[in-house]
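Asker:
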Amino acid sequence: MPNVAPQPEPLEDTPAGPPAEEKPVASRRMSATTVLWVTLAVFAQESVWNFYDAQVPSELRHYIASAGLVGLIMGMDNVLGVLIQPWTGFLSDRRARAGKGRWAIVLTGAALASVPFALIPWTHSLPLLLLCVIGFAAMANAFKGITETLVSDYVAPSHRGRAQGFVKAGVSLTIVVSSLISLLVVDRSITLAFAIPPVLMLLILTTSWFFLGRRHHAVALSHTDPASTGEPHPLVEPPSDDFASPWAVIRDMVRDPSRARALLMLGIFCFAGMWSALRTLLTPYGTEALSLSRGSAGGLALPGAVAFLVCVVPLAYASSRLGQVRAMRYGVGVFVVGLLIGFGVPTVPGTVVSMVIASVGYAAFAVNALVALWNLAPSRHVLGTYTGLYTVASSTGAALGPALLGLTVDATGWRFMLLNGAVFATVTFAVFTRLARRIAPSAP
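In my numbering, the protein residues as written are 1199 to 1642.
Below you can see the structure in the form of structure tokens.
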């Protein structure tokens, strides 16, 4: 049974659903089974994306010599996500309001995306390869944000932060799955390797639907809005009865007198940009500033990835007590400290310690950002659209961040890269500090 709050409106005015004795009831505890199936659903789609990022560049290199052009093509999925996800999220919100749920979009999108993905190694020309790559990116982006929104559908608002910790931990394990497929299958059969991830995705998503979506027709309507107390957040405008389009949702965000949601979107943009920049430029930093080989420099991020996996769930529980915005602010502070340590100790051990500390700071952000945005949403009926807007902010930041930090490296040299990143992250810290002050008056 999903852990949800009772329906606040009279049942006779809602669409027909399950019999009364089958309706979910509120619980003070988070349902571990529900979180498991939601986590597996997100894990399933992210496993495909990780294998896509790991192996599609090699396929493109068969036809394109320029690494820059390959990178440009690989970045198209971020652009498509910005264009597609707010609209599909809005469509899923309309289905949720009608009591139909989001699973039809998730399962249909997964089935459609699996076809061009599995056909990638069968293409024998660049146009066909690009057709499959773009087709997969467009279809997979159509349901990516909707799968992530399932957390808000099946987990009560007071437990979403903790649930998101388990989701992020599951997502981090997709790197292991992708690496194992690459290690054990790619050299033997590239066509089989590209068939395994979509098959796993379809099997896991269908199983998750069987245990969650099939039995609960209107679960998204049964949450209180946007906190478990049933009262709207004081800084959020009263819910509108008719968000006619994603543009109406955006206008509502921009016109919010508190500017809290706009500040949060700016903070997401900034931090996602700096994290992406650090990940992108860490290997050349290792070769240029630390005189490491390419392979050794590529391993600098591994200790940080382990630290992220270990700490993300404890941080989710701590953030539920501390508050999402305050936890993100502290996380940015820890991130800045980590970069300053790496700058002050420009050695391999110093850089490893720097990446571990910075990864812990990023984990505090990653586990809380989307939950904080959901909590500030004007209505439970626009959470899918807000998930799409989160993608817009994070994807745009991820696309621009490496270029911005790279320009500072061109001006100051690789030795100062971590210091430059710390300066940019300080701007992010200022954004979250201002946001925390805007929200502080609403605290009890």
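For glycine and all other residues, C-beta sits at the position ideal for the given N, C-alpha and C.
Hey, how far is the Cα of leucine 1520 from the Cα of glycine 1307?
Answerer: One C-alpha to the other measures close to 37 Å.
Asker: If we ignore side chains and look at the alpha-carbon of each, how far apart do leucine 1714 and serine 1376 end up?
Answerer: Residue 1714 is absent from the structure shown; the chain starts at 1199 and stops at 1642.
Asker: Touching or not, the segment 1510-1520 and the segment 1449-1457, by the rule of three or more beta carbon pairs under 8 Å?
Answerer: Contact fails: fewer than three Cβ-Cβ distances are below 8 Å.
Asker: To the nearest angstrom, report how far apart threonine 1481 and phenylalanine 1614 are at their CA atoms.
Answerer: When rounded, the distance between both Cα atoms is 15 Å.
Asker: So for valine 1550, helix, strand or coil by DSSP?
Answerer: Residue state, collapsed to three classes: helix.
Asker: Which residue's Cα is closest to the Cα of arginine 1360: Thr1631, Phe1392, Ala1525 and Ala1470?
Answerer: If we check each option's Cα against that of arginine 1360, Ala1525 comes out closest.
Asker: According to the neighbour-count rule (16 or more other Cβ atoms, all chains shown, within 10 Å of its Cβ), is threonine 1389 buried or exposed?
Answerer: Counting Cβ neighbours within 10 Å, threonine 1389 comes out exposed, since fewer than 16 surround it.
Asker: Leaving aside the five residues before and after glycine 1619 along the sequence, list all residues of the same chain whose C-beta is less than 7 Å from its C-beta, in chain order.
Answerer: The answer, listed in chain order, is Met1472, Ala1475, Leu1476, Leu1537 and Leu1603.
Asker: Do you know offhand how far phenylalanine 1541's Cα is from leucine 1616's?
Answerer: Rounded to the nearest angstrom, the two C-alpha atoms are 6 Å apart.
Asker: Throw me the rounded Cβ distance for the arginine 1527 and phenylalanine 1630 pair, which I believe falls under 8 Å.
Answerer: Yes, they are in contact, since the Cβ atoms of arginine 1527 and phenylalanine 1630 sit about 4 Å apart, within 8 Å.
Asker: Mind checking leucine 1258: buried by the 16 CB within 10 Å criterion, or exposed?
Answerer: It counts as buried.
Asker: Going by alpha carbons, who is nearest to valine 1397 out of Leu1329, Leu1238 and Ala1242?
Answerer: Looking at the Cα atoms, Ala1242 is the closest of the given residues.
Asker: Could you give the distance in angstroms between the alpha-carbon of glycine 1611 and the alpha-carbon of valine 1551?
Answerer: So the alpha carbons of these two residues sit roughly 22 Å apart.
Asker: For the alpha helix (DSSP H) containing tryptophan 1320, name the first residue and the last one.
Answerer: Unbroken run through tryptophan 1320: none, as it is neither H nor E.
Asker: Express the C-alpha separation of arginine 1636 and phenylalanine 1409 in angstroms, rounding to a whole number.
Answerer: Answer to the nearest angstrom: the Cα atoms are 40 Å apart.
Asker: With contact counted as at least three CB pairs below 8 Å, one residue from each stretch, are the segment 1334-1353 and the segment 1268-1279 in contact?
Answerer: Yes, the segment 1334-1353 touches the segment 1268-1279.
Asker: Which of the three DSSP states is assigned to valine 1543 in this structure?
Answerer: Valine 1543: coil per DSSP, three-state reduction.
Asker: Would you tell me roughly how many angstroms separate the C-alpha atoms of leucine 1324 and glycine 1273, rounded to the nearest one?
Answerer: Answer to the nearest angstrom: the Cα atoms are 17 Å apart.
Asker: Judging by CA-CA distance, which residue of Ser1312, Gln1253, Val1369 and Val1353 is the nearest neighbour of valine 1384?
Answerer: If we check each option's Cα against that of valine 1384, Gln1253 comes out closest.
Asker: Could you check where the alpha helix (DSSP H) with tryptophan 1612 kicks off and where it finishes?
Answerer: No alpha helix (DSSP H) contains tryptophan 1612, which DSSP labels as neither H nor E.
Asker: Using only the alpha-carbon positions, how far apart do alanine 1311 and leucine 1327 sit?
Answerer: Cα to Cα, alanine 1311 sits roughly 14 Å from leucine 1327.
Asker: Are alanine 1487 and proline 1544 touching if we call contact CB-CB under 8 Å?
Answerer: It is a contact, given that the beta carbons lie within the stated cut-off.
Asker: From what residue to what residue does the alpha helix (DSSP H) around leucine 1476 run?
Answerer: Its alpha helix (DSSP H) spans residues 1458-1487.
Asker: Can you list, in chain order, the residues of its chain whose CB lies under 6 Å from that of valine 1607, leaving out five sequence neighbours each side?
Answerer: So the qualifying residues of the chain are Met1615.
Asker: Which residue from Leu1500, His1260 and Lys1366 puts its Cα closest to that of proline 1319?
Answerer: If we check each option's Cα against that of proline 1319, His1260 comes out closest.
Asker: Taking the Cβ atom as the reference point for each residue, do threonine 1347 and leucine 1581 lie within a distance shorter than 8 Å?
Answerer: Cβ distance < 8 Å, so threonine 1347 and leucine 1581 count as in contact.
Asker: Using 10 angstroms around the beta-carbon of leucine 1498, count the other beta-carbons present and answer buried if the total reaches 16, otherwise exposed.
Answerer: That one is buried.
Asker: Out of curiosity, what's the CA-to-CA distance linking valine 1365 and serine 1256?
Answerer: Each residue's Cα considered, the two are about 29 Å apart.
Asker: How should proline 1188 be labelled, buried or exposed, when 16 other C-beta atoms within 10 angstroms of its C-beta is the threshold for buried?
Answerer: With the chain covering only 1199 through 1642, there is no way to say anything about residue 1188.
Asker: Taking its Cβ as the centre, do 16 or more other Cβ atoms sit within 10 Å of aspartate 1351, making it buried, or is it exposed?
Answerer: Per the 10 Å Cβ criterion, buried.
Asker: Can you tell me whether valine 1565 is helix, strand or coil according to DSSP?
Answerer: In this structure, valine 1565 counts as coil in the three-state DSSP scheme.
Asker: Taking the C-alpha atoms as reference points, what is the distance between arginine 1449 and alanine 1460?
Answerer: Arginine 1449 and alanine 1460: Cα-Cα distance of roughly 11 Å.
Asker: Below 6 Å CB to CB, which residues in the same chain sit around isoleucine 1303 once its five sequence neighbours on both sides are set aside?
Answerer: So the qualifying residues of the chain are Ser1290, Phe1341 and Ile1344.
Asker: For the alpha helix (DSSP H) that valine 1384 lies in, which residues bound it at each end?
Answerer: Where valine 1384 is concerned, there is no enclosing alpha helix (DSSP H), given that its DSSP letter is neither H nor E.
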